[in-house]
């Protein structure tokens, strides 16, 4: 037997172990399966199959036109307590960017609304941001004790920031109150984003856009909708910088502000039918699908969603105040609450006391508004007011959270790039239009403004003088802002009158009305140009001016009606002049509708507030005409103008679900009710049908609309929704409701 252990024994064949995944390993043993997948397939946990002729890129990355990366070693988590190490070389396909994966990880540019994350510019795992301990200007490591001592904590938010940065091992942390040297050092740590192929990045941004990824809309359709918005709606409310009007920047807008683009597609799809066959049906479907996505995104604001903390989200809220979605007409499309869906089933339990009709606080005010909405006459308009007020409050909250109204820190940025200037311009635009929307809504709803006085003063001092420089119609926008100042004076005057309970016996209105008239006349001399009457923006501006004039001077008519016998003749004469000016303002506002908006076809693009201006001016003109003339018929010039306005409003509706349809119907009903003599006079009625307007063109009402608007009486209303009026007259709470209405609006 041979001794295998001895030196002289027979030795068997030696076993050589081939090293695995080592530098000297054979090619077939150099990689195991864990390292054969590219980074993208590994993250997606899918099979990485190489192409037939080469290993890189793989089939999936090649089909998706994405970079195909392979790592030479296993990717390990970085220890938070140690400085960041330089990542190992990464092989990339083509020449894609070296910093970011666009746009899933970080946006193309950082947004200016600060959320203060630990690291916003790059990825910690990829080692794109060097640790502060490697900087020669700072110590090798800052311990927790030094951080606690050097950081100023003014509130609980600063404490959370310190806790977050200390726990993450980020030595560059510095609160806004810390030393400027460390702050500038922290900003210089993250290298600027380097994009070697912008066209490839934009193509990726389009493909990753949620509406395109879900197959709701195509890239070309999104571009068509954006083009429509910037051509038609943007001039009326330019809350997006003009930089994005260029078609070449649409992809950048999609990458930076996807929520805003969803909002723009939602609004544009209501007013703009896509070209081609079945374009209108296609737009209808897109509108409802995008609205669901937009609704969920905006509702997440109150739950602290980070996707809504951006300038684009604020702009979207401001746009939805002026242009609504079709779902505004159906409460079940806005909320899933049982009370909304079942139509105020518990509303009869709310009982009012006739002795307390002057109380407008708390649950009483909510109940009254709910009952008015329950009548379903113009319930979408009530819902619109509540929705607009809530959108404005959220926009103001986001603007304050993002420090939009604050001054920039002098040492925050050494050099301002082109992108920084665009964001700065956007910030100023949003502050100004928040101010304008706040003033307009407060005046329209009879409420106090939401924007704090300090923020209002910031807008006047910093942004009011420069915001219009980048806009096309800068002169008109300067006039818009100046008119808002006069609007506030009128609103405060009306609020002071309402606080008196409508009693003018011991108050001389003439000096107050005279001051308002001088201010409005001064604005008219500076900003009103009758020759420049060819733009929708100018028409909206004039409508706003006449609306303010109408309601500033309207109390004169009430003072004459209440105390006509007790007033001195001189004061009575002055009040009569103001009453006439209010009537003239209403007449001028409605003339814009029939003389410019209807012939030009631009009436369908009017913001929500302008439709309400038309309704208010129509009712005021009808009321003034009835008060001044006892025997009135359809041939009266004011009545004739009102009929033309109703025709224009009905024909100018952008779709069959727009509130303009209801406004036209119920204005026609009220006109019919107010003119019983005219309806019984066949001669006047027949002669009025063929009366010619001021331009000599024959006025022809649309077939069917005459019957829908006029051929109905108060006891027999064959109009959709009017049956609720008859049911309302039988409610026990009707007297209380009408007493409350008189106390508010008399």
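Numbering (my numbering), first residue to last: 122 to 867. Here a beta-carbon is modelled for each residue, glycine too, at the ideal position from N, C-alpha and C.
Remark: C-beta atoms of residue 637 and residue 571 do not approach each other more closely than 9 Å. The Cβ atoms of residue 551 and residue 510 lie no closer than 9 Å to each other.
Around residue 165, the same chain offers no residue with a beta carbon nearer than 6 Å, after the five sequence neighbours per side are excluded.
At least 9 Å separates the beta-carbon of residue 340 from that of residue 334. In this structure, residue 662 sits away from residue 743, with a CB-CB distance that is not shorter than 9 Å. Counting C-beta pairs closer than 8 Å gives three or more between the region 353-361 and the region 716-729, which meets the contact rule.
At a Cβ-Cβ threshold of 9 Å, residue 792 and residue 741 do not count as neighbours. Distance from the CA atom of residue 191 to the CA atom of residue 338, rounded to whole angstroms, is 34 Å. In the DSSP assignment, residue 171 is bridged to 179. In this structure, residue 702 sits near residue 674, with a CB-CB distance shorter than 9 Å. Residue 338 sits in coil when the DSSP states are folded into three classes, being neither helix nor strand.
For the pair residue 677 and residue 641, the CB atoms are not nearer than the 9 Å cut-off.
If you check the CB distance, residue 788 and residue 763 come in under 9 Å. Restricting attention to 698, 682, 794 and 589, the CA atom closest to the CA of residue 748 is found in 682. Between the region 583-603 and the region 393-411, the count of C-beta pairs closer than 8 Å stays below three; the two stretches do not touch.
The three-state secondary structure of residue 592, taken from DSSP, is coil. With a 10 Å radius around the Cβ and a threshold of 16 neighbouring Cβ atoms, residue 362 comes out buried.
Secondary structure at residue 538: coil, using DSSP grouped into helix, strand and coil. The three-state reading of DSSP puts residue 387 in helix, counting H, G and I together. The three-state reading of DSSP puts residue 649 in coil, since its state is none of H, G, I, E or B. Our two residues, residue 539 and residue 389, have alpha carbons roughly 29 Å apart in a direct line. In this structure, 734 is the residue among 700, 632, 734 and 697 with its C-alpha nearest to the C-alpha of residue 660. For residue 358, there is no enclosing alpha helix (DSSP H), as DSSP gives it neither H nor E. Taking one beta carbon from each stretch, the region 406-421 and the region 367-378 have fewer than 3 pairs nearer than 8 Å; the two do not touch. Counting only runs that start and end inside the region 504-589, the alpha helix (DSSP H) elements of at least 4 residues fall at 539-566 and 574-579. Our two residues, residue 436 and residue 508, have alpha carbons roughly 15 Å apart in a direct line.
In this structure, the straight-line span from the alpha carbon of residue 597 to that of residue 275 is close to 43 Å. Taking residue 769 as the centre and dropping the five residues before and after it, the same chain places the C-beta of 714, 715, 718, 719 and 724 closer than 8 Å to its C-beta, in chain order. Taking the C-beta atoms as reference points, residue 746 is found nearer than 9 Å to residue 760. Burial of residue 408 is indicated by the presence of at least 16 other C-beta atoms within 10 angstroms of its C-beta. Taking residue 795 as reference, the option from 753, 779 and 780 with the minimal CA-CA separation is 753. Secondary structure at residue 603: helix, using DSSP grouped into helix, strand and coil. Residue 449 sits buried, since 16 or more C-beta atoms from the chains shown fall within 10 Å of its C-beta.
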